[in-house]
Amino acid sequence: MAITGLTKSALIVVDMQEDFCPPNGSLAVQGGRDIASAINSLLSKSGFDILILTQDYHPRDHISFARNHPEPNNKPFTSSITMKNPAPGKEFEAKPQQLWPVHCVADTPGAEIIPEIEAWKANLVVQKGMHSQVEMYSVFADAFGNRDPGINMQSVSMDVAATLRERGIIDVFVVGLAGDYCVKCTAIDAVKAGFRTWVIEEATRCVVPDAWDAVKGELEAAGVSVVSWWDP
Ligand code: VGL
Ligand code: ZN
1 MAITGLTKSA
11 LIVVDMQEDF
21 CPPNGSLAVQ
31 GGRDIASAIN
41 SLLSKSGFDI
51 LILTQDYHPR
61 DHISFARNHP
71 EPNNKPFTSS
81 ITMKNPAPGK
91 EFEAKPQQLW
101 PVHCVADTPG
111 AEIIPEIEAW
121 KANLVVQKGM
131 HSQVEMYSVF
141 ADAFGNRDPG
151 INMQSVSMDV
161 AATLRERGII
171 DVFVVGLAGD
181 YCVKCTAIDA
191 VKAGFRTWVI
201 EEATRCVVPD
211 AWDAVKGELE
221 AAGVSVVSWW
231 DP
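Under the UniProt record's numbering, the first residue of the sequence shown carries the number 1, and numbering increases by one thereafter.
Right, here's the structure in full:
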């Protein structure tokens, strides 16, 4: 993997939080904590021009929490409810919403970045998923593609695409959790925002471990380069 310094590059470390990690995370991703050392190596490389950490950061009444919906359509890991676009004038748009156990509630221990990650090296920490009525896997946009904070829904703490553009970033490397949700959506949206985008395989893990081959296919079809740490 060549991080040559010829063009400016960013590292986005997605959602390395207690609730996504064993042994106690409410939505623990198998092997989630084990990728911390690979991510720390990346954080220590001098090749990146900006280091960003993201945090899934939900209010207690978030629409994705199974517990916030009535029986019988409130089983975690099903998509038994519908979410409406919260953007003004777009409420007619609807999508199925996958339900999850309560996770990454703002200002709780589950939302903390795990201590194994050398978080002090980051230039920015960005919180996302803060609007109660819409899912937000990608740090660039919510599930309906709303590019907050442009429309001021306060679902994300800053405009990451604008920040990267201001700094002249060309290449965006995405790692972290989970490969089949927030890493995937962040990487695909980075391509849509015009960045050359890479996912480093050894530095991500999936909610559904067997999903990775299919996710890789989706990423590549969307224009993301999935690379191995060990590539020359
Ligand atoms: C994530 C499920 C729900 C993730 C966030 O970080 O991949 N997955 N919220
Ligand atoms: Zn979430």
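Even glycine gets a Cβ: it sits at the ideal position worked out from N, Cα and C.
Here the structure is a predicted model, which is why all the values come from computation and not from measurement.
Through-space distance from residue 191 to residue 170, alpha-carbon basis: Taking the straight line from one Cα to the other gives about 10 Å.
Among the residues of its own chain, which have a CB less than 6 Å from the CB of residue 156, if the five just before and after it don't count? Apart from sequence neighbours up to five positions away, the residues of its chain that approach residue 156 with a beta-carbon distance below 6 Å are 128 and 148, ordered along the chain.
Please classify residue 173 as buried or exposed, where buried requires at least 16 other C-beta atoms within 10 Å of its C-beta. With 16 or more other Cβ atoms from the protein chains shown falling within 10 Å of its own Cβ, residue 173 counts as buried.
Would you grab the beta carbon distance between residue 54 and residue 12 for me? Rounded to a whole angstrom, and I think it's under 8 Å. Correct: roughly 7 Å between the Cβ atoms.
Any non-hydrogen atom of the ligand VGL closer than 7 Å to residue 103 Cβ: Because some heavy atom of the ligand VGL lies under 7 Å away, the Cβ of residue 103 counts as near it: yes.
Indicate the three-state DSSP secondary structure (helix, strand or coil) for residue 82 in the structure shown. In this structure, residue 82 counts as strand in the three-state DSSP scheme.
Boundaries (first-last residue) of the alpha helix (DSSP H) holding residue 201: For residue 201, there is no enclosing alpha helix (DSSP H); the residue is found in the beta strand (DSSP E) stretching over 196–205.
For residue 59, which residues in the same chain have their Cβ closer than 7 Å to its Cβ, ignoring the five residues on either side in sequence? So the qualifying residues of the chain are 106, 130 and 132.
Could you tell me the distance, in whole angstroms, from the CA atom of residue 201 to the CA atom of residue 228? Each residue's alpha carbon lies about 5 Å from the other.
Inter-residue Cα distance where the pair is residue 111 and residue 24: Between residue 111 and residue 24, the C-alpha separation is close to 12 Å.
Given a threshold of 16 other Cβ atoms within 10 Å of its Cβ, counted over all protein chains shown, does residue 79 qualify as buried or as exposed? Around the Cβ of residue 79, a 10 Å sphere holds fewer than 16 other Cβ atoms; the residue is exposed.
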